[in-house]
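Trainee: Quick one: structure below, then a few questions.
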Amino acid sequence: MQNKQIITATLMAIGLSAALSVATAEDKKVETEKCTGIVKAGMNDCAANGHSCAGKAAKDSVAGEWITVPKGTCEKIAGGTVVKE
Amino acid sequence: MPLLELQHSLISALFQRDQLAEAAKRVKAQGSLSSEQRVGIYRNSAHGILLDCLESLYPVCFELVGTEFFGRTAHNFIDQAPPTSPFLADYGAGFVNHLAEHPALQEMLWIVEVAKLEWARHAAWHTVNQVASDFAQLEGLSEAQQAELRFQLPASAHLISSNTSIHSIWLAHQEEYPEKPQFEKIDLQEAQQVLLFREQRRLHQTTLSTDDWAFLQAIQQQLSMGELAEQFADQLPWLFSVAMQEGWIYSFTTTPPA
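Residue numbers (the working numbering), protein chains in the order written: chain A, 1 to 85; chain B, 86 to 343.
This is the structure:
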């Protein structure tokens, strides 16, 4: 192939791959919710209960420490409470 | 004594054992603790924090060389290269060279290669986020602009070429990979090319084929689309397809590098 043809074919390949990536990313978007009362110590997602940020929860299953879960999951877990936003 | 001088004296004591007695002259003894012991508490505390930091940066090396060797080597390193930045994530890059110079590791330099990989993982994780290009904008380019296109890997990307099977060794030491290779069965002499990059909160680490390696190196060297077409000929569309789908190419520019 001539360089010009290679470049045209390459740009088509890039365009298709980029479109595919966007479509896949859209498919992957999942609605989430914050869930408290179920978090293991040190595994919380972000600031709560007077400490600075993620991973600072000192005890298991403390109310106020939350993690992000797919929407609808929290109410199915024993001890889980959805954080109202 | 001026405060600044006093602070320097204490810092010297933290990272130079022979300066401990000098700093202790300005500290009172209390109860059963001598002044040297009291300064020593600060030294041990600083070393302890930095040792923990190095252990968390180089967990596979830590497993490979064992607690005692790692601890001794790390304490020497901490004394030789104390932190120079207030940001702890900046600390520990020099540990790779420190290991490389260690006489006991001259016959096992593959461990140093693993350390390079572990530092690159840390550096990739702490790279600042960047904005991806909108590849739909490629459609409006003129022929001349197309030939001048240049592409970029993610800012967090590290291309590592090693004469050791660093990826396999690293995988063999990960608990969360059920299909990890058995360390005893790894050919340590197998050369591997590895790409590391971060995508949001996920760090990707993968071995590359010879073709993909050559292609990504050319991208990293900022070859233009015209030069890439010369070098890779009709392989180029396929190489780009794979790279785009894997997230290896993040942005583009039509401006030649300065």
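For every residue, glycine included, the Cβ atom is placed at its ideal position computed from N, Cα and C.
Along the segment 292 to 306 of chain B, what residues have a CB closer than 7 Å to any CB found in chain A?
Mentor: Result list empty, no residue passes.
Trainee: Looking at the secondary structure, which residues open and close the beta strand (DSSP E) in which Arg-287/B lies?
Mentor: Within the second sequence, the letter at position 202 stands for residue 287/B. First-last of the beta strand (DSSP E) with Arg-287/B: 287 to 292.
Trainee: What's the call for His-183/B, buried or exposed, on a 16-neighbour Cβ count within 10 Å?
Mentor: As a position in the second sequence, residue 183/B is number 98, starting the count at 1. Under this definition His-183/B is a buried residue.
Trainee: Reducing DSSP to helix, strand and coil, say where Ile-334/B ends up.
Mentor: The sequence position of residue 334/B within the second sequence is 249, counting from 1. Three-state result, Ile-334/B: coil.
Trainee: Does any residue of chain B have a CB that is nearer than 9 Å to the CB of Thr-10/A?
Mentor: Counting from one through the first sequence, the residue named residue 10/A turns up at place 10. It does; some Cβ of chain B falls within 9 Å.
Trainee: Distance, Cα to Cα, Gly-361/B vs Ala-185/B?
Mentor: No statement about residue 361/B is possible, as the shown extent of chain B runs from 86 to 343 and does not include it.
Trainee: Taking Pro-322/B as the query, report the chain A residues whose CB atoms sit under 8 Å from its CB, ordered along the chain.
Mentor: Counting from one through the second sequence, the residue named residue 322/B turns up at place 237. In chain order: Ile-6, Ala-9, Thr-10, Met-12, Ala-13.
Trainee: Inspect the beta-carbon positions of Ser-326/B and Ile-77/A and report whether they are closer than 9 Å.
Mentor: Locating residue 326/B in the second sequence gives position 241, where the first residue counts as 1. Locating residue 77/A in the first sequence gives position 77, where the first residue counts as 1. No, the pair does not count as a contact, with Cβ atoms beyond the cut-off.
Trainee: For my contact list, Ile-251/B and Glu-198/B are in at a C-beta cut-off of 8 Å; report their separation, rounded to the angstrom.
Mentor: Counted from its first residue, the second sequence places residue 251/B at position 166. Counted from its first residue, the second sequence places residue 198/B at position 113. With 8 Å as the limit, Ile-251/B and Glu-198/B qualify as a contact, their Cβ atoms being about 5 Å apart.
Trainee: What are the partner residues of Pro-70/A, as DSSP defines its beta bridges?
Mentor: Taking the first sequence and counting its residues from 1, one reaches residue 70/A at position 70. Thr-32/A, per the DSSP bridge assignment.
Trainee: Judging by CA-CA distance, which residue of Val-30/A, Ser-21/A, Asp-60/A, Lys-84/A is the nearest neighbour of Phe-220/B?
Mentor: Here residue 220/B corresponds to residue number 135 of the second sequence, with the count starting at 1. With distances taken between Cα atoms, Phe-220/B lies closest to Ser-21/A.
Trainee: When DSSP labels each residue in this structure, what does Glu-284/B get in the three-state scheme?
Mentor: In the second sequence, residue 284/B corresponds to position 199, counting from 1. Here Glu-284/B sits in strand by DSSP.
Trainee: Which of the three DSSP states, helix, strand or coil, is assigned to Leu-273/B?
Mentor: Position 188 of the second sequence, counting from 1, holds the residue named residue 273/B. In the structure shown, Leu-273/B sits in coil (DSSP, three-state: anything other than H, G, I, E or B).
Trainee: Rounded to a whole number of angstroms, what is the C-alpha to C-alpha distance between Glu-264/B and Met-43/A?
Mentor: Indexing the second sequence from 1 puts residue 264/B at position 179. Indexing the first sequence from 1 puts residue 43/A at position 43. For Glu-264/B and Met-43/A, the distance between alpha carbons rounds to 25 Å.
Trainee: Which residues in chain D sit within 9 Å of Asp-319/B, going by Cβ to Cβ distance?
Mentor: The structure shown contains no chain D; the protein chains it does contain are A and B.
Trainee: What do you reckon, are the CB atoms on Ala-200/B and Phe-172/B nearer than 9 Å?
Mentor: Position 115 of the second sequence, counted from the start, is the residue given in the question as residue 200/B. Position 87 of the second sequence, counted from the start, is the residue given in the question as residue 172/B. No, the Cβ-Cβ distance between Ala-200/B and Phe-172/B is not below 9 Å.
Trainee: Does the segment 232 to 248 of chain B come close enough to the segment 324 to 338 of chain B that 3 or more CB-CB pairs lie under 8 Å?
Mentor: Yes, they touch.
Trainee: Pick out whichever of Ile-96/B, Trp-255/B, Ala-343/B, Gly-225/B has its Cα sitting closest to the Cα of Ala-166/B.
Mentor: Here residue 166/B is taken as the residue at index 81 of the second sequence, counted from 1. When each option's Cα is compared against that of Ala-166/B, the closest is Ile-96/B.
Trainee: Could you spell out where the beta strand (DSSP E) holding Gln-237/B opens and where it closes?
Mentor: Sequence index remark: in the second sequence, residue 237/B carries index 152 (1-based). Segment 235 to 237, the beta strand (DSSP E) holding Gln-237/B.
Trainee: Might you give, ordered along the chain, the residues of its own chain that have their beta carbon closer than 6 Å to the beta carbon of Gln-274/B, omitting 5 neighbours on each side?
Mentor: Counting from one through the second sequence, the residue named residue 274/B turns up at place 189. Within the same chain, Gln-274/B has no close Cβ partners at all.
Trainee: As a quick exercise: from Ala-343/B, Gln-306/B, Glu-284/B, pick the residue whose alpha carbon is nearest that of Arg-206/B.
Mentor: Taking the first residue of the second sequence as 1, we reach residue 206/B at position 121. Comparing Cα positions, the closest option is Glu-284/B.
Trainee: Can you give me the C-alpha to C-alpha distance between Val-39/A and Ser-61/A, rounded to a whole angstrom?
Mentor: Here residue 39/A is taken as the residue at index 39 of the first sequence, counted from 1. Here residue 61/A is taken as the residue at index 61 of the first sequence, counted from 1. Between Val-39/A and Ser-61/A, the C-alpha separation is close to 5 Å.
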